[in-house]
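Input: a single structure, listed below in structure tokens.
In the numbering used here, the protein residues as written are 737 to 1192.
Here's what the structure looks like:
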């Protein structure tokens, strides 16, 4: 026992020292520090059990991207004025396959955001069991309030540079916040023109008209709900007759709401970056879809058609509404410790992360301390990249699967991720802690591949 405690202490010291080095090498990148800290905290028992990972400096290598690319993106707006944005692509780890991860167009995008997303993507992609590595990219360009022609010109300029670094067997981007089917179309068109070849597997999230997969649009939201459903069933609960809050009203949020409703839940609130709506009778999803996907209006407009609903300007206060299940599907760190306490006091039973890192470390620990069921983002929102990998497979084989076939594969993948995360949490002495379980599963898969491939 003494030797084990001593070894654990030594590993803890190593991990803490490495974390401090990460902060020193990457100053002012708080989101990246947070992502690294969450993973590191889970891995101490793995490193104690497998000292080869320390000897071969697997963690030291993992926290350094294989490649980090930044570039300028000049484009001309509708007034004829030249605008300049920053573009990013982090090719983080290719041990399991070509880099895979979305592109985010949002004013908040910087090196910290891109690196945290890319680091998370390594383990998320490993959890899917698909042959894909981890990457991420984007720009501080804001597509909101921009015309279609401005978006097209920006995307063409962005892809002119990015095209030199990607390919179906090198790096396969997809969409994320601010990058939907329209942006993917413009990006793909420019790539095709530059390359002079029809490489349909270079991007995922494409329209089904030119190589996209049925079920991709729904995949992240559906996958989150499938994972949470497994977690609930394990504890004798379900979505049936439950009240649900879903933050956001973009692609992930809309389809998380849709699947939760199909499973018998009543979704009573959703939001956008300005505020949230509360509808005690249950959100009318068709109205939300039309407002956000077709008319691109603010969620406040919902109350014009549904007077029983109320609109509130502070979107963070959505977590003060009593509910059974909370699905944060908007952005990073939207649930802090104060929000977590409100949810617990109001009787929340389960949290399912549909966004990337939407819960602070303090809030996660609060939920776990109070025995609230918690589905971490790496596992719960892996549905999108899972179906992206299925899209890559269809592109390679030049076939197209039915929506039912894709959805069946997605559900199987999400069930498998849940089971492996749960079983691993038990094996490493933290039963039910899916944060630790998911981190360990993803890490071990990547670490073993890195060991097999030598020091590269």
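No residue lacks a Cβ here, since even glycine has one placed at the ideal position from N, Cα and C.
task = May I have the straight-line CA-CA distance separating residue 1056 from residue 1008, to the nearest angstrom?
result = Cα to Cα, residue 1056 sits roughly 16 Å from residue 1008.
ask   = Does the region 981-991 come close enough to the region 1082-1101 to have 3 or more Cβ pairs within less than 8 Å?
value = Contact between the region 981-991 and the region 1082-1101 is established, with three or more Cβ pairs separated by less than 8 Å.
ask   = How would you label residue 835, buried or exposed, when you count the other beta carbons within 10 angstroms and need 16 or more for buried?
value = Residue burial annotation: residue 835 is buried, with at least 16 other C-beta atoms found within 10 angstroms of its C-beta.
ask   = Within 10 angstroms of its Cβ, does residue 1024 collect 16 or more other Cβ (buried), or is it exposed?
value = Buried.
query = Residue range of the beta strand (DSSP E) that residue 1006 falls in?
reply = Its beta strand (DSSP E) spans residues 1002-1007.
ask   = Are the Cβ atoms of residue 915 and residue 841 separated by less than 7 Å?
value = Their beta carbons are under 7 Å apart, which means residue 915 touches residue 841 by this criterion.
task = Using 10 angstroms around the beta-carbon of residue 1189, count the other beta-carbons present and answer buried if the total reaches 16, otherwise exposed.
result = With fewer than 16 other Cβ atoms from the protein chains shown falling within 10 Å of its own Cβ, residue 1189 counts as exposed.
query = Under three-state DSSP, which class holds residue 807?
reply = Residue 807 carries a strand assignment under DSSP once its states are collapsed to helix, strand and coil.
task = Using the Cα positions of residue 827 and residue 850, report the straight-line distance between them to the nearest angstrom.
result = So the two alpha carbons sit approximately 10 Å from each other.
Contacts around residue 799, its chain only, beta-carbon distance under 8 Å, and the 5 residues preceding and following it disregarded = 754, 758, 772, 855.
request  = Classify residue 1032 as buried or exposed, calling it buried when 16 or more other Cβ atoms lie within 10 Å of its own Cβ.
outcome  = Residue 1032 should be labelled exposed.
task = Determine the direct distance from the alpha carbon of residue 833 to that of residue 1135, and round the result to whole angstroms.
result = When rounded, the distance between both Cα atoms is 21 Å.
task = Report the rounded CA-to-CA distance for residue 1037 versus residue 746, giving the unit in angstroms.
result = The straight-line gap from Cα to Cα measures roughly 57 Å.
query = CA-CA distance, residue 1181 and residue 819?
reply = Near 43 Å, if we compare the C-alpha coordinates of residue 819 and residue 1181.
message = Contact between the region 1038-1048 and the region 1009-1018 is defined here as three or more beta-carbon pairs at a separation below 8 Å; is this criterion met?
response = Proximity of the region 1038-1048 to the region 1009-1018 meets the contact definition, three or more beta-carbon pairs being nearer than 8 Å.
key: Extent of the continuous beta strand (DSSP E) run through residue 820   = Going by DSSP, residue 820 is part of the beta strand (DSSP E) stretching over 818-829.
query = Pick from 744, 808, 857, 748: whose alpha carbon is nearest that of residue 768?
reply = Closest option to residue 768, Cα to Cα, is 857.
key: Cβ pair count under 8 Å reaching 3, the region 877-884 against the region 1141-1150   = The region 877-884 vs the region 1141-1150: no contact.
task = Closer than 6 Å by C-beta to residue 801: which residues in its own chain qualify, once you throw out the five before and the five after it? Chain order, please.
result = Excluding the 5 residues flanking it on each side, residue 801 has same chain C-beta neighbours closer than 6 Å at 826, 828, in chain order.
Minimum C-alpha distance to residue 815 - residue among 886, 786, 838 = Looking at the Cα atoms, 886 is the closest of the given residues.
message = Run through the DSSP bridge pairs and tell me what residue 1109 is partnered with.
response = DSSP, once it has assigned bridges, lists 1086 as partnering residue 1109.
key: Option in 961, 1102, 946, 824 with minimal Cα separation from residue 902   = The residue with the shortest Cα to Cα distance from residue 902 is 824.
request  = Tell me, please, which residues DSSP counts as bridged to residue 1095.
outcome  = Answer by DSSP bridge pairing, in chain order: 1071.
key: CA-to-CA distance, residue 910 to residue 1060, given in whole angstroms   = Distance between the alpha carbons of residue 1060 and residue 910 is about 33 Å.
task = Compare the beta carbon distance of residue 1112 and residue 1064 with 7 Å and say whether it is the shorter of the two.
result = Residue 1112 places its beta carbon 7 Å or farther from that of residue 1064.
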